[in-house]
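Residue numbers (the working numbering): 22 to 246.
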């Protein structure tokens with residue numbers, strides 16, 4: 022059985038009575054421990070697919086099962102718990118908590134999970150060192166560059182060691198050296214912790230490092246190699 026099973030997934034957005042299909046019957050299997058890139062032109066449905074897989078968007082029809090659990094059947098009240106225990110997100114817009122320091126942002130999910138203070142601080146500090154931010158742990162997002170904030174976002178996503186990481190354009194705001202270092206870190210975590218990483222990307226460097234390319238076009242799987 023695949024780790025992620027997506028069957029006939031559709032998502033239609035309706036605005037002022039006008040319906041816009043973003044996903045048109047996507048069927049896809051992803052194995053446990055994959056390091057896959059979802060690629061396609063803007064408007065192909067990459068972000069919508071990610072938001073559905075992470076339980077942030079309800080599809081119009083179809084099913085998504087992760088580790089045997091059909092998340093499309095989980096009531097809205099249960100989706101937050103699913104995300105907390107199962108998914109790490111890296112958003113293109115960072116989505117850091119502005120009043121928290123880098124260290125506190127990375128600790129946040131572990132805090133919600135009930136990880137003891139000493140352990141979560143040690144893990145957060147180690148990850149921030151790994152992404153080259155040892156000197157910035159007490160800075161807030163508005164005191165960091167876009168690239169630094171993106172590195173905090175990656176550290177936060179992997180800190181609680183979820184089985185699935187969904188990363189939407191994770192290198193979009195980074196220079197090539199920093200982007201490559203982050204991808205290498207995520208590949209290392211993928212191998213060591215058997216985390217499943219799925220990237221939505223336009224970046225050739227991300228595609229080169231991915232072990233599988235899934236192409237979307239007009240809301241449909243065009244090719245999955």
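By construction, the Cβ of each residue, glycine as well, lies at the ideal position given by its N, Cα and C atoms. Fair warning: this is a prediction, and the values are worked out from it, not measured in the lab.
Between the Cα of residue i and the Cα atoms of the options, which residue gives the shortest distance?
i, options, result
"residue 122", "155, 79 and 49", "155"
"residue 304", "211, 180 and 184", "Only positions 22 to 246 of the chain appear in the structure, and residue 304 is not among them; the question remains open."
"residue 128", "182, 79 and 89", "182"
"residue 159", "191, 175, 142 and 168", "142"
"residue 184", "173, 162, 202 and 207", "207"
"residue 71", "40, 222, 226 and 229", "222"
"residue 153", "178, 131, 135 and 200", "200"
"residue 244", "65, 36, 23 and 39", "65"
"residue 229", "240, 205 and 214", "205"
Tell whether a beta-carbon distance below 7 angstroms holds between residue i and residue j.
i, j, result
"residue 242", "residue 49", "yes"
"residue 42", "residue 111", "no"
"residue 44", "residue 52", "no"
"residue 176", "residue 115", "no"
"residue 28", "residue 119", "no"
"residue 220", "residue 188", "yes"
State the beta-bridge partners of residue i as determined by DSSP.
i, result
"residue 220", "58 and 188"
"residue 87", "25 and 90"
"residue 42", "33"
"residue 236", "60 and 244"
"residue 206", "DSSP lists no partner for residue 206."
"residue 120", "Answer is none; residue 120 lacks a bridge partner."
"residue 158", "None, per the DSSP bridge assignment."
By how many angstroms is the C-alpha of residue j removed from the C-alpha of residue i?
i, j, result
"residue 87", "residue 26", "7 angstroms"
"residue 224", "residue 231", "11 angstroms"
"residue 93", "residue 30", "10 angstroms"
"residue 212", "residue 227", "16 angstroms"
"residue 79", "residue 73", "6 angstroms"
"residue 151", "residue 140", "17 angstroms"
"residue 113", "residue 203", "14 angstroms"
"residue 126", "residue 117", "7 angstroms"
"residue 54", "residue 77", "22 angstroms"
Would the region 56 to 72 and the region 224 to 239 be scored as touching if the rule is three or more Cβ pairs under 8 angstroms? yes
Taking 8 angstroms as the threshold, find out whether the region 101 to 119 comes into contact with the region 140 to 159 through three or more Cβ pairs. no
Hey, is the region 159 to 177 in contact with the region 193 to 205, meaning 3+ C-beta pairs nearer than 8 angstroms? yes
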